[in-house]
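J.:
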Amino acid sequence: MSLDKIEENSPDSDTIRIVTTRFGTIELESSKVISFPEGILGFPDLKRYVLMDYKDTEIKWLQAVDDPDIAFIVTDPAVLMPGFSIVLDPMTKKFLDLENTEDLLVLVIIRVENGKVIANFLGPLIFNATLMRGVQVVLDKDITGTATKSRFS
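In numbering that gives the first Met the number 0, the protein residues as written are 0 to 152.
Set out below in structure tokens:
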């Protein structure tokens, strides 16, 4: 990654400019950056992301701020698995500083393989949308619509 791909305009500025491989140059407010203090599995050093809409669909892109070549396709798990829900353990709630479910956003990383959409329901991304803080949790293998285990248990 070259240093010219990420430009925080100035210490006093509230904008960040990223030159990405998929979307060209993106300029965004610093307040739109989601912090993943532990990174995402497989990408522990990438701690800042921005969530971007994809056309008029339920799909979004989660673009890494600190490596403009990395972006994940994500969506609400209920779009692909109606009834999917997650019960967060107290440690995850505390880590995200979640006081109510109105701040909660759950997304899953998806990919398209041989024309099929494959979603990672076992490793959903959990966000506190108000504080712009996220974590990827690891769930038990048996997904029946409710999941309770996290990477903190």
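Don't be surprised by glycine CBs; every beta carbon is placed ideally from N, CA and C.
Once the 5 residues before and after ILE109 are set aside, which same chain residues still bring their CB inside 7 Å of it?
T.: Counting from one through the sequence shown, the residue named residue 109 turns up at place 110. Only ILE72, VAL73, THR74, VAL116, ILE117, ALA118 meet the Cβ criterion.
J.: Three Cβ pairs or more, each shorter than 8 Å: is that satisfied between the stretch 96 to 104 and the stretch 59 to 70?
T.: The answer is no - the stretch 59 to 70 does not touch the stretch 96 to 104, with fewer than three Cβ pairs under 8 Å.
J.: Mapping DSSP to helix, strand and coil, what is ILE125?
T.: In the sequence shown, counting from the first residue as 1, residue 125 sits at position 126. Three-state result, ILE125: strand.
J.: Can you tell which of ALA128, ARG132, PHE22 has the C-alpha that lies nearest to the C-alpha of TYR53?
T.: Stepping through the sequence shown from its first residue, residue 53 is reached at position 54. Out of ALA128, ARG132, PHE22, PHE22 has the C-alpha closest to the C-alpha of TYR53.
J.: Measure the C-alpha to C-alpha separation of GLU37 and VAL134 and round it to an integer number of angstroms.
T.: The residue you call residue 37 lines up with position 38 of the sequence shown. The residue you call residue 134 lines up with position 135 of the sequence shown. Distance between the alpha carbons of GLU37 and VAL134 is about 7 Å.
J.: Roughly how many angstroms lie between the CA atoms of LYS31 and THR129, to the nearest whole one?
T.: In the sequence shown, counting from the first residue as 1, residue 31 sits at position 32. In the sequence shown, counting from the first residue as 1, residue 129 sits at position 130. Cα to Cα, LYS31 sits roughly 10 Å from THR129.
J.: Quick check on GLU98: does DSSP put it in helix, strand or coil?
T.: Counted from its first residue, the sequence shown places residue 98 at position 99. Note: GLU98 maps to coil in three-state DSSP.
J.: Cβ of VAL64 within 9 Å of Cβ of ILE125?
T.: Along the sequence shown, read from residue 1 onward, the residue named residue 64 stands at position 65. Along the sequence shown, read from residue 1 onward, the residue named residue 125 stands at position 126. No, they are not a contact pair.
J.: With respect to the alpha helix (DSSP H) encompassing VAL78, which residues constitute its N-terminal and C-terminal limits?
T.: For the purposes of this step, residue 78 is taken as residue 79 along the sequence shown, with counting starting at 1. 76 to 79 is the extent of the alpha helix (DSSP H) around VAL78.
J.: Is MET131 helix, strand or coil when you go by DSSP?
T.: Taking the first residue of the sequence shown as 1, we reach residue 131 at position 132. MET131: coil per DSSP, three-state reduction.
J.: Could you say which of PRO123, THR19, PHE42 lies nearest to THR91 if we only look at CA atoms?
T.: The residue labelled residue 91 in the question sits at position 92 within the sequence shown. Selected option, being the one with the closest Cα: PRO123.
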